[in-house]
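Please read the structure below before turning to the comments.
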Amino acid sequence: MSQHEHDHPHAEIGQSERPGYYDMMETAVRELLIEKGLFEAGEIRRQIEVLDSRTPALGAKVVARAWVDADFRARLLANGRTACEELGISFYDDTKLKPYRARAVSEPRAVLAEFGTHIPDDVEVRVSDSTALVRYLVLPRRPDGTAGYSEEQLAGLVTRDAMIGVIPVTAGEAGVSR
Amino acid sequence: MSGIVLATGEAPPFRRGDRVRVMTRAPVGHYRVPTYLRGKSAVVERVIEPAAIDNEEEAYGRNAGSKRHYYRIIVPMTSIWPNYAGSARDNLRIEVFETWLERIAS
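Protein chains in written order, with my numbering: chain P, 831 to 1008; chain R, 4 to 109.
Quick look at the structure:
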């Protein structure tokens, strides 16, 4: 379906621009709430740590398990939340960064092309956006030539970009060396 | 199920395949429907179960227990973005609350 034409790692999608109107509003409201004693700065820091601890490695574990265990795969596709919980992983949001999301909706092919993924014209692109209840989990395809890989080696192949669906997983050296 | 009387709004009025239009409204405050979708026609892909509270009302603590459905709808990209670069078959799938949808006679 698509090709990833180069093998260099991509820069993380990050926020580099100046704080916007709502960022400043958030800071102001947060500081007021702390000042009024409704919660403490430490609680916010703690929550940020909670979110930060949800690393892509957890998702990679889920993907690798789905590749080696057909029953788990079926349960994962039927109910992502409960299947992740089987592995002791709670569901979490990812990729809320505004520029990325906005462009994925209006020019999905261009966004994917920036990651080296070119979707042929005869392939229908379906963009799923999330506004309220539903979260989406991308289950990448298991790459060819990985039949002898252990679950752990497979997990080592799964990158963050593959889990947000912008590149395919490839059987690179990273997996073999683990 | 016989004997069960459904409350108003409990049964989803739209079904898979129904043609709907996203209403053109411009509420002030918390809303969940992207501006670019207002007034656009769509097809219902599926009803999202179970019924849910209206997040837009919930933001203000107003709900009084009423629940309706979200629908996953399909909107052609070319109808949203006039200069869309890509296949005419490309489309957006997005969840929209019942109060934002009206039926289009087919």
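Virtual Cβ for every residue (Gly too), placed ideally from N, Cα, C.
Chain-order list of residues whose beta-carbon lies under 6 angstroms from that of residue i (same chain, five-residue window excluded)
i: G889/P; result: M993
i: D21/R; result: V47
i: T1000/P; result: P973
Proximal residues to residue i (C-beta, below 7 angstroms), its chain only, five neighbours per side dropped
i: I77/R; result: A45, V46, E48, N94 and R96
i: A1004/P; result: Confidence is the limiting factor: at A1004/P the pLDDT is only 48, short of 50, which leaves the residue's position unreliable, though a coordinate-based value still follows. Contacts found: G986 and L987.
C-beta neighbour in chain R for residue i, strict 9 angstroms
i: L963/P; result: yes
i: R884/P; result: no
i: V968/P; result: no
Counted within 10 angstroms of its Cβ, other Cβ atoms place residue i as buried (16 or more) or exposed
i: G986/P; result: buried
i: D57/R; result: buried
i: H72/R; result: buried
i: A91/R; result: exposed
i: T947/P; result: buried
i: S1007/P; result: Only weak support is given to the placement of S1007/P: the predicted model assigns it a pLDDT of 40, under 50, and the question is left unresolved by the model.
i: P938/P; result: buried
i: A894/P; result: buried
i: E59/R; result: buried
9 angstroms Cβ cutoff, residue i in contact with chain P
i: R18/R; result: no
i: D21/R; result: no
i: V8/R; result: no
i: I107/R; result: no
i: S5/R; result: no
i: A45/R; result: no
i: N58/R; result: yes
Interface partners of residue i on chain P, CB under 9 angstroms
i: R96/R; result: R956, V957, S958 and D959
i: R24/R; result: The contacting residues do not exist; R24/R stays about 17 angstroms from chain P at best.
i: W103/R; result: Near W103/R there are no residues of chain P at all, since even the closest Cβ is about 10 angstroms away, more than 9 angstroms.
Member of the options whose CA lies at the smallest distance from the CA of residue i
i: Q983/P; options: V892/P, R848/P and Y851/P; result: V892/P
i: T885/P; options: D991/P, T1000/P and I997/P; result: D991/P
i: R65/R; options: P37/R, P79/R, E13/R and H33/R; result: H33/R
i: R106/R; options: S5/R, I7/R, V23/R and L9/R; result: V23/R
i: A977/P; options: I864/P, S936/P, E916/P and V898/P; result: V898/P
Contact list for residue i against chain P, beta-carbon separation under 7 angstroms
i: I51/R; result: L963 and V964
9 angstroms Cβ cut-off: residues of chain R touching residue i
i: R933/P; result: Within chain R, no residue comes near R933/P; the closest Cβ sits about 11 angstroms away, beyond 9 angstroms.
Contacts around residue i, its chain only, beta-carbon distance under 8 angstroms, and the 5 residues preceding and following it disregarded
i: P85/R; result: none
i: V941/P; result: Y930, R933, A934 and V996
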